[in-house]
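Heads up, the thing below is written out as structure tokens.
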DNA sequence: AATAATTTTTAGATTAGACTAAATTTACAA
DNA sequence: TTGTAAATTTAGTCTAATCTAAAAATTATT
Ligand SMILES: [Mn+2]
Ligand SMILES: [Mn+2]
Ligand SMILES: [Mn+2]
Ligand SMILES: [Mn+2]
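Residue numbers (my numbering), protein chains in the order written: chain G, 1 to 221; chain X, 222 to 442.
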């Protein structure tokens with residue numbers, strides 16, 4: 001069994017090796033976990049002794065099969081609880097991450113399985129991220145963002161790649177939430193900002209915002 | 222804010238001062254928490270510094286108003302989560318305590334209030350224990366046990382005063398669960414064991430078991 | 001009241017996880 | 001290839017929570 005802290009390190013290493021490639025560097029972990037490199041090194045030794053990571057001094061780390069299993073288990077719990085909070089307790093999508101950071105460490109296999117069933121075995125969390133099933137299998141992550149849609153085309157919002165409450169509330173205010181269908185009118189050449197038609201209103205969003213909105217291209221309205 | 226450990230100490234002190242009277246003794250806390258008296262003393266100093274308990278060396282402890290508020294908050298969360306596990310996730314009443322011991326430390330006021338609402342503001346947990354409301358107010362604890370019912374009378378089971386899985390599974394096997402109506406046929410003089418009519422079956426239970434079953438006396442069947 | 005038993009506290013260690021400062025290794029550029 | 005910058009590890013502390021063993025205080029018993 002792992003401590004909360006160990007689980008958080010494993011989850012961080014997992015996420016970092018998803019975005020960039022492995023091996024994951026000490027400093028990257030330290031930055032993501034808001035801690036110091038020296039603390040990370042201490043923990044890496046411990047995780048290595050427990051055979052949760054492969055680690056050679058100065059060479060970065062990768063998760064072992066066992067370590068990845070644990071990490072995916074934590075991610076599964078995190079995302080299932082986020083679904084619970086939004087679907088059953090009516091939280092908004094910008095409020096759930098922080099609470100799920102705590103709930104993801106509750107340690108009961110039966111609880112996770114029953115929660116999954118209670119929620120109807122959801123495949124995606126409220127931010128569009130895939131939920132691993134009991135065996136750790138999950139759908140691919142979304143990878144088409146709004147900035148990649150050709151002008152004149154339609155798209156439906158299916159997720160986000162940035163999870164800060166500030167960003168999510170910003171989208172909420174713009175009525176850019178999951179399921180919303182929009183038309184891409186123009187991508188400004190100068191700064192990459194994007195003009196959209198959403199709910200019959202024309203709006204403008206920055207390139208950065210557009211790139212964090214994940215979409216499915218739609219053939220028709 | 223308190224650590225998990227501090228919350229557990231406060232909850233234990235609270236429960237001990239409910240059954241016996243205050244002040245609560247160091248050894249009683251140590252026994253209930255499966256730890257050593259020396260560890261308890263250390264923690265008592267810390268809780269005193271945080272003004273969560275009144276404490277004089279060798280004289281035992283009582284919760285301050287603030288300490289009691291925290292303790293009741295933890296109890297509230299524990300019992301709400303137990304209701305959730307039984308009512309929504311179909312756990313049995315003997316499986317929920319251990320999981321609730323973890324969930325009770327999740328730290329989000331909004332979560333507790335929304336969970337309470339989601340569950341329909343329950344007044345009792347799956348073992349018949351009262352659930353404090355948002356202001357810490359709760360119904361009185363149940364205090365009539367099966368051993369106190371006069372022979373020939375009817376009673377309905379409304380709670381238990383012992384929460385071990387072994388005891389709860391024993392009751393389950395005997396079909397003595399909450400809501401069940403029974404007739405008390407005889408209390409044996411020799412050993413205090415009790416003969417009951419439950420679901421048209423005559424059964425015998427020990428005095429100890431009978432005393433841990435909390436009931437409402439019923440006028441008629 | 002004196003002594004014995006019980007309870008509680010203190011003293012001194014230990015472990016997990018974190019930190020700062022210093023040393024070491026690796027990477028990169030002149 | 002050599003020197004410097006960046007990344008990483010080591011060394012030494014710190015705090016929270018625990019422990020054992022010993023000392024002190026309280027309570028019970030003669
Ligand atoms: Mn999240
Ligand atoms: Mn999410
Ligand atoms: Mn319980
Ligand atoms: Mn209960």
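Glycine residues also receive a C-beta, built at the ideal position from the N, C-alpha and C atoms. All of these numbers come straight from a predicted model, not from anything done at the bench.
Minimum Cβ-Cβ distance from residue i to chain G less than 9 Å
i: residue 217 of chain X; result: Outside the shown range of chain X (222 to 442) lies residue 217 of chain X, about which nothing can therefore be said.
i: residue 331 of chain X; result: yes
i: residue 408 of chain X; result: no
i: residue 300 of chain X; result: no
i: residue 320 of chain X; result: yes
i: residue 335 of chain X; result: yes
i: residue 393 of chain X; result: no
i: residue 324 of chain X; result: yes
i: residue 227 of chain X; result: no
i: residue 306 of chain X; result: yes
Beta-carbon proximity of residue i to residue j, cut-off 9 Å
i: residue 113 of chain G; j: residue 79 of chain G; result: no
i: residue 323 of chain X; j: residue 108 of chain G; result: yes
i: residue 368 of chain X; j: residue 431 of chain X; result: yes
i: residue 136 of chain G; j: residue 178 of chain G; result: no
i: residue 426 of chain X; j: residue 418 of chain X; result: no
i: residue 248 of chain X; j: residue 261 of chain X; result: yes
i: residue 381 of chain X; j: residue 402 of chain X; result: no
i: residue 44 of chain G; j: residue 61 of chain G; result: yes
i: residue 407 of chain X; j: residue 372 of chain X; result: yes
i: residue 316 of chain X; j: residue 340 of chain X; result: no
i: residue 365 of chain X; j: residue 435 of chain X; result: yes
i: residue 51 of chain G; j: residue 23 of chain G; result: no
i: residue 253 of chain X; j: residue 233 of chain X; result: yes
i: residue 397 of chain X; j: residue 313 of chain X; result: no
i: residue 154 of chain G; j: residue 208 of chain G; result: no
Test: residue i CB closer than 9 Å to a CB of chain X
i: residue 193 of chain G; result: no
i: residue 20 of chain G; result: no
i: residue 107 of chain G; result: yes
i: residue 82 of chain G; result: no
i: residue 121 of chain G; result: no
i: residue 168 of chain G; result: no
i: residue 157 of chain G; result: no
i: residue 118 of chain G; result: yes
N-terminal and C-terminal residue of the beta strand (DSSP E) that residue i is part of
i: residue 395 of chain X; result: Here residue 395 of chain X belongs to no beta strand (DSSP E), and DSSP marks it neither H nor E.
i: residue 437 of chain X; result: 434–439
i: residue 204 of chain G; result: 201–205
i: residue 383 of chain X; result: First-last for residue 383 of chain X: undefined, no H or E at that position.
i: residue 195 of chain G; result: 194–198
i: residue 404 of chain X; result: 402–408
Cβ separation of residue i and residue j, assumed to be a contact under 8 Å, to the nearest whole Å
i: residue 105 of chain G; j: residue 7 of chain G; result: 6 Å
i: residue 63 of chain G; j: residue 111 of chain G; result: Going by Cβ atoms, the distance from residue 63 of chain G to residue 111 of chain G rounds to 24 Å, so no, they are not a contact pair.
i: residue 132 of chain G; j: residue 72 of chain G; result: 5 Å
i: residue 424 of chain X; j: residue 395 of chain X; result: 6 Å
i: residue 149 of chain G; j: residue 217 of chain G; result: 6 Å
Extent of the continuous alpha helix (DSSP H) to which residue i belongs
i: residue 235 of chain X; result: 225–240
i: residue 248 of chain X; result: 247–253
Write down every uninterrupted run of the alpha helix (DSSP H) in the stretch 35–101 of chain G whose length is 4 residues or greater and which is fully enclosed by it, in chain order.
Segments of the alpha helix (DSSP H) lying fully in the stretch 35–101 of chain G: 37–49, 65–83.
Within the stretch 101–151 of chain G, ranges of the beta strand (DSSP E) (whole runs, at least 3 residues):
If we require 3 residues or more, the stretch 101–151 of chain G turns out to have no beta strand (DSSP E) run fully inside it.
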